[in-house]
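Working notes, structure below.
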Amino acid sequence: MSEARLQQQLDYEGQLKRMLQRIRQSLNAERILYASALELRQLFRADRAIVYRLQPSGRDSQALLYLSIAAADTASSSPLGYPSGLHSAIFWETLNAMGTQNYLMLNDLERSGLPAELYRPWQQGGVHAAAIVVLGDRAGLICLHQCTLSRSWQPYELEGLAHAATEIAIAVEQAELYQQVQLLNAGLEAEVQKRTAQVRKATLFDSTLKRITDKVRDSLDEAQILQTAVRELALVLGLGGCNAALYDLEQETSTIVYEYADALPTYRGRVAQMIDSPKIYQQLQQHIYFQFCSLSPNPQRGHVALLACPIFLDSAVDDEPHQVLGDLWLVHHADHVFNEFEIRLVQQVANQCAIAIRQARLYKAARSQVDELQKLNRMKDEFLSTVSHELRTPMANVKMALRLLELTSLSEQQRKYLDILGAESRREASLIDDLLDMQRLEADAMPLHSKAIHLNSWLVELIAPFQTRVSVQQQTLTMHIVPPSLTVTSDAEILSRILAQLLDNACKYTAAGGQIELICTAKPNAPGGRPAACITVKNQAHIPADELPRIFETFYRIPKADPWGKSGTGLGLALVKKMVARLSGLIEVDSYDGWTSFAVTLPAADPPE
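Count along the sequence shown from 1, then add 3; that gives the number in the working numbering.
So, in structure tokens, the structure goes:
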């Protein structure tokens, strides 16, 4: 080998090495193949260099075509002189027969002995010599054409071309893997962005719904409820307008009670007849929302997109789930399509509005009932006051007449009738006094004069009249005070009436030979943490357990509990309970083992400083 030829081979190897280094630096398959065609044509001084990348599915079609053409061939009308059947079975059979499985070197096309299917297209393309090397595992081809003269391909050229084919195949594969990774990363990033957008949208939905719900449920005014919902929806969704209407199903009308509009004419107060738009209101009353765009422009709004959503209570809230309370209308520009997020938000807001409106109406009805009850209560108090005062005058006259009759001489029969009249008149007067006291207690008008009461001495005076009565009725009355110095802070007059009523009942309903006890004890751990005194009146009598909860009701009398015919009006214990409450005390009752006990707990006197 001559020195010049050796130097040429060394230069060729250096250029090949630099070319492959440049190819390895790229991660773009298209650039690698295109640059390879340019570099190979210059390196091998070929008239044409073509690099084919075959489809992964086989040899029947080409996926990418990168080439470099000599200036003399630019006018060629053929597809670069490349035979259309190159990837057919004939080509691969010829490659195996005339060359090897990886390359084919043709020094002179005329003398190559190629099959006609391959020879004819190359001849038409002006090819005189060709070198073909397979890329990788038949993933592509490198074709070098000599179009002017025949050429004797050197062994080092074949070796270099084969080496280049291997490196190009590796570079292309790496570039394609890189592109796949990039596409995968892009897809993952797009999915992350999509999920992030969904999370943000869900967060916005939840925060918006919570804010609207809090504002709506804080109000008991229908107008303010709808005003808040309409305004918040318009601002959050960027609407051109939003309004809320309430239905009158009996009149079949829909009235817009509130509207929020941005530079749009207002329709607030407008009353729509449902019969004029039956399709719309039939859907809304069936709990169906819908959106549409106006075909003909509205005189004021022009072309707009509309979303209608019913306001109704579901079955979990109301016993009448099919009743629709009203509707929400959202107005947007003509090209807008309300998405799932917006529709779901509007539905949730409409549901919250329905609940809030229901609560407001229940509150309004309750307030109306309370006002009516208060009115009836005032009328009752006024009636009782008037009747009681009007009855006092004739009762005073009756008492005076009875006094005068007592001073006259009467027969025994007349005296008996006079005693009956006296007893009944006193009973009637007591009833009138009880009614007046009940009225004052309910109106919180009974005056209270509290002072310290030393129970030991005070109770002795209180029970003195009852000692004579129990003696006559063959009963026993005992009193126990522990400690003897026990003192309470209370109104003496009211407390005396309470205990007198309890002792009177005890005497009235205790059989002859029965016992009555009055017991006073200190309670250091009373409710509220303050010391208290408990005054208990016990007697040998029994009250059925099912009657105990009702004995403090006004005008209630226990059936068959008065074998002696001494039943009262049913006001006594009711008055006792109210008077105990007036003294800030507590009364409790129980009945067992043949004994009935009424325990009155009162605040003890404050200790001296």
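All C-beta atoms in this analysis are idealised placements derived from N, C-alpha and C, irrespective of residue type, glycine included.
Worksheet entry | Three-way DSSP call (helix, strand, coil) for GLY17 in this model | helix
Worksheet item: So TRP461 is in the alpha helix (DSSP H); what residue range does that whole segment cover?
Response: 458-475
Worksheet item: Under the DSSP definition of a beta bridge, which residues are partnered with ASN31?
Response: None; ASN31 has no bridge partner.
Worksheet entry | Close Cβ partners of PRO26 (< 7 Å) along its chain, the five nearest in sequence each way excluded | The sequence shown places Ile at residue 26, rather than the Pro named in the question. The answer, listed in chain order, is ILE35, ALA38, SER39, GLU170, ILE171 and ALA174.
Worksheet item: How many angstroms separate the CA atom of LYS580 from the CA atom of SER412?
Response: 45 Å
Fill in: Rounded separation between ALA503 and LEU576 - CA only
11 Å
Item to complete: Output the distance between the C-alpha atoms of ARG545 and LEU252, rounded to the nearest integer angstrom.
Response: First, the amino acid is wrong: residue 545 is His here, not Arg. So the alpha carbons of these two residues sit roughly 59 Å apart.
Practice prompt. Assign ARG418 to buried or exposed, taking buried as 16 or more other Cβ atoms, counted over all protein chains shown, within 10 Å of its Cβ.
Written response: exposed
Discussion item. Going by the DSSP bridge assignment, what does LEU480 pair with across the sheet?
Written reply: Looking at the DSSP assignment, LEU480 forms a beta bridge with ILE519.
Worksheet item: Start and end of the alpha helix (DSSP H) containing ILE423?
Response: 415-445
Worksheet item: Any contact of the stretch 422-438 with the stretch 351-358, i.e. 3+ C-beta pairs under 8 Å?
Response: no
Practice prompt. Decide if the stretch 513-524 is in contact with the stretch 548-555; the criterion is three or more beta carbon pairs, one per stretch, under 8 Å apart.
Written response: no
Fill in: Own chain residues within Cβ distance below 7 Å of LEU229, not counting five before or after
Closer than 7 Å at the Cβ level, and outside the excluded window around LEU229, lie ALA247, VAL260, TYR261 and CYS356.
Worksheet item: For ASN354, which of GLN149, LYS213, GLY139 and LEU13 has the nearest alpha-carbon?
Response: LYS213
Worksheet item: Within this structure, are the beta carbons of ALA337 and ALA308 separated by less than 8 Å?
Response: The criterion of a C-beta distance shorter than 8 Å is satisfied by ALA337 and ALA308.
Fill in: Sufficient close CB pairs (3 or more, under 8 Å) joining the stretch 491-503 to the stretch 582-591
Enough Cβ pairs lie closer than 8 Å, so yes.
Fill in: Coil, strand or helix - PRO527 by DSSP
coil
Worksheet entry | Inter-residue spacing [alpha-carbon to alpha-carbon] between VAL320 and VAL233 | In this prediction, VAL320 has a pLDDT of 48, which is less than 50 and means its spatial position is unreliable; what the coordinates show is noted afterwards. Whole-angstrom Cα-Cα distance: 22 Å.
Discussion item. Looking at the secondary structure, which residues open and close the beta strand (DSSP E) in which HIS335 lies?
Written reply: 327-336
Worksheet item: Looking only at C-alpha atoms, which of GLY573, ALA548, THR490 and LYS511 sits nearest to CYS537?
Response: THR490
Fill in: Residues bridged to VAL485 [DSSP beta-bridge criterion]
THR524
Practice prompt. State the DSSP-derived secondary structure class of ASN342, mapped to helix, strand or coil.
Written response: coil
Discussion item. Restricting to runs no shorter than 4 residues, where is the alpha helix (DSSP H) found entirely within the stretch 113-182?
Written reply: 119-127
Item to complete: Determine which residues share a DSSP beta bridge with LEU107 and list them.
Response: In DSSP, LEU107 forms a bridge with ILE135.
Worksheet item: What runs of the beta strand (DSSP E), each 3 residues or longer, lie entirely inside the stretch 241-271?
Response: 244-251 and 256-264
Worksheet item: Looking at C-alpha atoms only, which residue of PHE47, GLU415 and ASP374 is the closest neighbour of GLU162?
Response: In this structure, PHE47 is the residue among PHE47, GLU415 and ASP374 with its C-alpha nearest to the C-alpha of GLU162.
Practice prompt. Specify the secondary structure class of SER371 as computed by DSSP and reduced to three states.
Written response: helix
Worksheet entry | Three-way DSSP call (helix, strand, coil) for GLN65 in this model | Low per-residue confidence applies at GLN65: pLDDT is 40, beneath 50, and the placement is therefore not dependable, though the value from the model is reported in the following sentence. Strand, per DSSP.
Worksheet item: From which residue to which residue does the alpha helix (DSSP H) around ILE314 run?
Response: For ILE314, there is no enclosing alpha helix (DSSP H); the residue is found in the beta strand (DSSP E) stretching over 307-315.
Worksheet item: Leaving out the 5 sequence neighbours to the left and right, which residues in its chain are closer than 7 Å to ALA74 when beta-carbon positions are compared?
Response: Note on ALA74: pLDDT 33, under 50, position unreliable in the model; the coordinate value appears next. If we look at ALA74 and ignore the five residues flanking it on each side, it has no Cβ neighbours.
Discussion item. My assumption, with CB atoms under 8 Å, is that ALA49 sits in contact with GLN149. Please give the rounded CB distance.
Written reply: 6 Å
Worksheet item: PRO486 to ALA467, Cα distance in whole Å?
Response: 21 Å
Worksheet item: Buried or exposed: which applies to GLU543, given that a residue is buried once 16 or more other Cβ atoms fall within 10 Å of its Cβ?
Response: Rather than Glu, the amino acid found at residue 543 in this sequence is Gln. By the 10 Å Cβ count, GLN543 comes out buried.
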